[in-house]
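One structure is given below, encoded as structure tokens.
There are 2 protein chains.
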Amino acid sequence: MGEFDYIRWIRTRTPTAPGVLVGPGDDCAVLAESKSPCLVTTDMLLEGSHFVLADVGARRVGRKAMAVNLSDIAAMGGKPVAAFVSVALPRGEAKAVGEELDAGMRELADRFEVTIAGGDTNTWRGGLVVSVTLLGEPGPQGPILRRGARPGDWLLVTGPLGGSILGKHLDFTPRVKEGLSLQEHAAIHAMIDISDGLAADAFHICEESGCGLVLFADRIPISDAARGMNDGKPPLDHALGDGEDFELAFAVSAADGARLLQLQPIAGIVLSHAGEFISEEKLFLEAGGTRNRIAPSGFVHAFGPTGRDA
Amino acid sequence: MGEFDYIRWIRTRTPTAPGVLVGPGDDCAVLAESKSPCLVTTDMLLEGSHFVLADVGARRVGRKAMAVNLSDIAAMGGKPVAAFVSVALPRGEAKAVGEELDAGMRELADRFEVTIAGGDTNTWRGGLVVSVTLLGEPGPQGPILRRGARPGDWLLVTGPLGGSILGKHLDFTPRVKEGLSLQEHAAIHAMIDISDGLAADAFHICEESGCGLVLFADRIPISDAARGMNDGKPPLDHALGDGEDFELAFAVSAADGARLLQLQPIAGIVLSHAGEFISEEKLFLEAGGTRNRIAPSGFVHAFGPTGRDA
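For the protein sequence lines, the chains are A and V, in the order given. Using this note's numbering, the first residue of the first sequence is number 67, and each one after it goes up by one. Using this note's numbering, the first residue of the second sequence is number 67, and each one after it goes up by one.
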């Protein structure tokens, strides 16, 4: 599969999208001017580090490469528009891997109305590399950053957490629609997608907002996968510490938070009131009436057996 | 070098640029809204395929990764704005390679006032991978595409060609300033940067424009490097067929072409009148009064010894 043939093939597969004036095939793609700022995110997936190709197959790798970028746009409350895909395909199986990869990416691109507007395709002797850059536009509240949470705000999350390694890390649905829908019902002060783990990502909001957080052990939504890990670690620890659930965690005023909980499900999503922001710039877990400091890793310092069973 | 430390380091090195509302450190970068369309290009460089790291060093790899993308923006007549850099660094030497790579990229980013506004940094067991996505805005004539050349137009090129493998492919200056300056003096009908070779890239213009081209053997600018290749191949063949000179080739009316040649040097660049577009959709080389068809590879079909010496 020569580069030029691949580009021709990609061009036949790229529908004319209103926001894309020039797609693949020229020196640059040209996106239509827009009245709003431009959101840009990029993520690279590497064989052997992020996935084992023989285990998961190229289609799921392609799907995930698109999904993680969509999740970043969702975390800004934005709407994705155009993707740029650079790949290094393993020589010898480039055509088969390239086609599967493309199929996986297009599954989500089509679903979220994203045009694959350009890219760079290579073959080499190394492992599979996929680098996606995704451009989008903000939602009605403008770009929703990590900074903006205030003491007294509630931390809400969009779905159950933990144990994504059992499958969700590949097959999750990026919360693009939810990120947009939420803005119709409440002023979102700060938002992030949970890629490093609830504790770590909520702490990112704290760091950027200059505040702290109390997480409520009995309100953190624990996934069935977290309960099914059977590795001796309590399910709550998985929900706090596991990465790649790609749910949204966001800060709203207490009044908006209470109203959102009454309104739910919103866009089919059940929200959980997982914590409350505080002025002290530290992370705590509250369980059984006791507040203990925890590390952003989700590891609970000085946390007794009772707490662990909470 | 953990990912978070690297991001902090990048943040300290990212100056506030007027067009970048949010730089590295949130889920997405946010670029200011613009009244013009958005140009986007992306290129990936791979160790072992595009460079031998031990031979050229990470700094020149970084420089080239930025330069090839700048050249694509130049080929649209555009102005670069913001770059997004994803890298896979070889484990064990990640810090040293990452810093050198960054230094090479910033050399050109600073020179062309480009902000490195985001990216994704990884380490792995594989070779060095650098993927740069560059966003820009069009120049005064809007995006200059490959389509737009008309029969009778002249093909001009911005510098001598051939033998870039001797060094220019790593150290070339992307023709951003030239691509912008030219628009002040003439209506550019179509433009491309010479990455595949003069014949191949000029033929890309023909394909997109629905026309053909006669190249003038005695007016094609031949570089000293092409003359110094000493591989038994005539210097003209190198000028026609070698890639990675990253000069601009563009189509203008004959009247504009003649005027540009009189005005030159423009922005320090000497222009050459390398060919003329024709309606017959084929590529020819004219030498010693004879017109012969050539392949886009630059290989001269049915071309006698006299022609080769031209």
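From the three backbone atoms N, C-alpha and C, an ideal C-beta is built for every residue, glycine too. For clarity, every value in this text was computed on a predicted model and none was experimentally measured.
query: Interface residues of chain V facing A:M142 [CB-CB closer than 8 Å]; result: D92, D93, C94, V96
query: Residues that DSSP places opposite A:C104 in a beta bridge; result: V:L97
query: Between the CA atoms of A:G170 and A:V180 - distance to the nearest angstrom; result: 13 Å
query: Contact set between V:G185 and chain A, taken where Cβ atoms lie within less than 7 Å; result: T108
query: Residues that A:I271 contacts on chain V, provided the C-beta gap is smaller than 7 Å; result: None at all; the shortest Cβ gap to chain V is about 10 Å.
query: Chain V contact for A:E99 (CB, 8 Å cutoff); result: yes
query: Buried or exposed (CB count within 10 angstroms, at least 16 for buried), A:D311; result: buried
query: Chain D residues whose Cβ lies nearer than 7 Å to that of V:S319; result: The displayed structure is made up of protein chains A and V, and chain D is not among them.
query: Contact set between A:N188 and chain V, taken where Cβ atoms lie within less than 7 Å; result: M110, L112, S115
query: Residue burial classification, A:P84 (beta-carbon count within 10 angstroms, cutoff 16); result: exposed
query: Alpha helix (DSSP H) segment containing A:P301, residue limits; result: 301-307
query: Min CB distance V:G192 to chain A below 8 Å; result: yes
query: V:S261, buried or exposed, once every other Cβ within 10 Å from all chains shown has been counted against 16; result: buried
query: Neighbour list for A:I254 in chain V, Cβ cutoff strictly below 7 Å; result: Those within 7 Å of A:I254 in chain V number zero; the least Cβ separation is about 13 Å.
query: Bridge partner(s) assigned by DSSP for V:T199; result: V:T108, V:F150
query: Residue range of the alpha helix (DSSP H) that includes V:A215; result: First-last for V:A215: undefined, no H or E at that position.
query: At least three beta-carbon pairs within less than 8 Å, the region 285-294 of chain V to the region 333-353 of chain V; result: yes
query: C-alpha distance - V:G164 paired with A:L264, whole-angstrom precision; result: 29 Å
query: Opening and closing residue of the alpha helix (DSSP H) in which A:S171 lies; result: Correcting the residue type first, residue 171 of chain A is Met in the shown sequence and not Ser. Its alpha helix (DSSP H) spans residues 160-177.
query: Chain A residues whose Cβ lies nearer than 9 Å to that of V:A268; result: Residues of chain A passing the Cβ test: none, with the nearest at roughly 14 Å.
query: Sub-8 Å separation of V:G229 and V:A133 beta-carbons; result: no
query: Cβ-based burial, A:D259 [other Cβ within 10 Å; buried from 16]; result: buried
query: Three-state secondary structure assigned by DSSP to A:K234; result: helix
query: Through-space distance from V:G144 to A:L174, alpha-carbon basis; result: 31 Å
query: Partner residues on chain V for A:I360, Cβ-Cβ distance less than 9 Å; result: Residues of chain V passing the Cβ test: none, with the nearest at roughly 18 Å.
query: Pairwise C-alpha distance: A:P217 and V:F178; result: 43 Å
query: Amino acids of chain A, ordered along the chain, whose beta-carbon sits closer than 7 Å to that of V:L105; result: C94, V96
query: Neighbouring residues, chain A, relative to V:I258 (Cβ below 7 Å); result: D93
query: CB-CB length for A:V223 against A:A340, believed under 8 Å; result: 5 Å
query: Rounded separation between V:M142 and V:P209 - CA only; result: 5 Å
query: Among V:D237, V:A315, V:Q249, V:D308, the one whose alpha carbon lies nearest that of V:C272; result: V:A315
query: As assigned by DSSP and simplified to three states, the class of A:V180; result: coil
query: Reference V:D186; option with closest CA among V:A266, V:C94, V:D303, V:S102; result: V:C94
query: Cβ-based contacts, 7 Å cut-off: residues of the region 121-142 of chain A near chain V; result: D138, I139, A141, M142
query: Per-residue burial, V:E342 [other beta carbons within 10 Å of its own, 16 or more giving buried]; result: buried
query: V:D375 burial status per 10 Å Cβ neighbour count (16 or more: buried); result: Note that V:D375 scores 30 on pLDDT, short of 50, meaning its location in the model is unreliable; the coordinates nonetheless yield the value given after this. With fewer than 16 Cβ atoms within 10 Å of its Cβ, V:D375 is classed as exposed.
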